[in-house]
Amino acid sequence: MAQKPSIPKGTRDFSPSEVNKRNYIFDVVKKHFQTYGFQPIETPSFENSETLMGKYGDEGDRLIFKILNSGDYLRKVDMELYASKNSTAMTPKISEKALRYDLTVPFARYVVMHQNDIQFPFKRYQIQPVWRADRPQKGRFREFFQCDADVVGSNSLLQEVELVQLYDAVFTDLKLDGVSIKLNNRKILAGIAEVIGERDKLIDFTVALDKLDKIGIEGVSKEMRAKGISDAAIEKAAPLFALSGSNLDQLSVLEKLLQSSSDGKKGVEELRFIVETLEEMGLQSAALKIDVTLARGLNYYTGAIFEVAAPDGVSMGSIGGGGRYDDLTGIFGLKDVSGVGISFGLDRIYLVLEELNLFPEAIDRSLQVLCVNFGEKEALSSLKLVSKMRSAGIKCDVYPSSAKMQKQMKYANNRNVPYVILIGEQELANNSFVVKDMLKGGQETYSLEKPEEFYKSL
RNA sequence: GUGGUUGUAGCUCAGCUGGUUAGAGCGCUGGAUUGUGGUUCCAGAGGUCGCCGGUUCGAACCCGGUCUUCCACCCCA
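Residue numbers (the numbering used here): -3 to 454.
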């Protein structure tokens, strides 16, 4: 009995046109990764569970897809554990592998494992799918691609500057005008928490602050209070809620606010360097904006934090993000290697380009020329012509059967083929071929002796 | 993980408080047109109404479960 075919929740099939468009984005991103000197690596789709677990917080652990052990996977579970029905305790017993959740942690693992073969600073890029057991929404999938570029082994803030330029270069090339690159620094957040006397509530404080544009000042205060942050502290942090003006204006406000925190001052200094350098360099189409409310969930960032927002008017979550993490490889035993990186959310960029109609028109042109098939002899002649054109790098084909003209023309039309070649009895007789321009409707005759007179201009 | 939402032809969607053979547009196939597509006209094919169960004389419609879609939380690209 035939079963109804289906694919798992949050996954997708990609049709030819979609693959073409996705490849277009990949190619642009890859091109710029390479011009900035990044080298490609790839890592396995699944890792040992202990490599991933505990790296993304409790929420992250929940969203990691675990792979059931092969064979008799209940063998290692004793009766007591089984009876307890404690999934968290049982998971490591029945699952030792898990699907990659992002590209950064596997990269850190890679760096530590290959540290003797790597020239530092090491700039790597990686474009591969990742998996999250999240509940799907628009622009949110359970399988999606990340395009990451990271530098490890350099503390220089020039890396941050370059990464912002890289974002700008890619989005400019994609013709996606008006994206904003939001910039913050974890040290500033830490400094604020310190100054308001809530150092140990840093995470709760930043998570709440991150929601400012969504739930407003009152909502943020309410959430902070609920997390046990004192009214006095919230009062002290109030200037942050109303921060405005140019990047440099905001920096001076922050500088004053964070006088007494060495961490905070360091953060301001770093931000200032990045902002001033980029102002000197200039950006092509993106806008760089300091945003102290930018927190991002990942708990390994220690310095700069980036997030890219789609142009105004497009409802889409962030289309990229990243930051500096001073000690990611420390977890795997390699100390004092600083890293900084950015990520492009391919699937979301796709949706944004689609919404704004920014894909090049020619992207679906999978065939430039189609020869109509009039029968055995004529087709043979067409095939010879097609061979020549193929050698010249032209995408062309002969219709495989001598179906009705109408059907063949319709096929060419539906496939968006700009030129149709006709070689019938007449043409065969005088050694010529007719080229029909499907857009303009006219047609011209060429000699089979000199086919290049037609195709050299394609 | 919590709350809500969606599912009818290949696609986009109608379908009345439950009532006989479930409709439209587009697309597809054939014809008008034996060497000309994108326009027109005519005809035709195509549906276990997401799936399983229940209520009912009778279910696309009501109820329960499940899967899926999208949305708000949570979190995130």
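Just so you know, even glycine gets a beta-carbon here, dropped at the ideal spot from N, CA and C.
In this text the structure is predicted, and so the values were computed from the model without any measurement.
In the structure shown, the three-state DSSP call for Ala399 is coil. Three or more Cβ pairs closer than 8 Å define a contact, and the segment 140 to 149 falls short of that threshold against the segment 257 to 270. Annotation for Asp144: the continuous beta strand (DSSP E) segment containing it runs 139 to 148. By alpha-carbon distance to Gly50, the top candidate from Ser41, Ile60, Phe42 is Ile60.
If you check the CB distance, Glu156 and Ala300 come in under 7 Å. Rounded to whole angstroms, the separation of the alpha carbons of Ser91 and Ser66 is 9 Å.
Taken atom to atom, the span from the alpha-carbon of Gly187 to that of Leu290 is near 14 Å. Taking C-beta atoms as the reference points, Ser176 and Ala283 count as a pair closer than 7 Å. Per DSSP, the unbroken alpha helix (DSSP H) holding Arg105 starts and ends at 100 to 109. Our two residues, Pro414 and Gly389, have alpha carbons roughly 16 Å apart in a direct line. Exposure of His110 is indicated by the presence of fewer than 16 other C-beta atoms within 10 angstroms of its C-beta.
Excluding five sequence positions before and after Gln246, the CB atoms of its chain that fall closer than 7 Å to its own CB belong to Leu239, Ile286, given in chain order. Distance check between Leu381 and each of Lys446, Leu279, Met75 places Lys446 closest, using alpha-carbon atoms only. Nearest neighbour of Phe116 by Cα position, chosen from Gly135, Gly33, Gln122, turns out to be Gly33.
Residues of the same chain with a CB within less than 6 Å of the CB of Tyr296, apart from the 5 flanking positions on each side, are Tyr321, Leu324 in chain order. Phe237 and Leu208 have their C-alpha atoms some 8 Å from each other.
Boundaries cannot be given for Thr298, as no beta strand (DSSP E) includes it and DSSP labels it neither H nor E.
Contact between Gly174 and Pro307 holds: their C-beta atoms lie close to 4 Å from each other, under 8 Å. Here DSSP, grouped into helix, strand and coil, assigns Lys432 to strand.
With 16 or more other CB atoms across the displayed protein chains lying within 10 angstroms of its CB, Asp343 is buried. Within its own chain, the residues whose Cβ lies closer than 6 Å to the Cβ of Val333, once the five positions on either side in sequence are excluded, are Val148, Gly149, Thr325, listed in chain order. Within the DSSP secondary-structure output, Glu43 pairs in a beta bridge with Ala94.
About 17 Å separates the CB atoms of Gly337 and Thr31; that is not less than 8 Å, and the two are not in contact. For the options Val15, Gln122, Phe429, the alpha carbon positioned closest to that of Glu448 is the one of Phe429. Under the three-state reduction of DSSP output, Tyr78 falls in the helix class.
In summary, Asn427 is exposed, with fewer than 16 beta-carbon neighbours lying within 10 Å of its beta-carbon over all protein chains present.
In its chain, beyond the 5 residues on either side, Gly6, Thr7, Pro125, Trp127 have a beta carbon closer than 7 Å to the beta carbon of Glu139.
Under the three-pair Cβ rule at 8 Å, the segment 218 to 236 counts as touching the segment 181 to 201. Beta bridge pairing from DSSP links Gln122 with Asp144. Here Arg386 is exposed: its Cβ has fewer than 16 other Cβ atoms, across all protein chains shown, within 10 Å.
Per DSSP, reduced to three states, the secondary structure at Lys62 is strand. Relative to Arg96, the option among Arg105, Ala375, Lys89 whose CA is nearest is Arg105. Selection Ile184, Pro12, Lys400 evaluated against Asp259 yields Ile184 as nearest (Cα-Cα). Scanning its chain for C-beta atoms nearer than 7 Å, with the 5 sequence neighbours on each side dropped, one finds no residue around Glu46. If you look at Arg320, you'll find it isn't in any alpha helix (DSSP H); it sits in the beta strand (DSSP E) that goes 316 to 321. Around the beta-carbon of Thr202, 16 or more other beta-carbon atoms lie within 10 Å, marking it buried.
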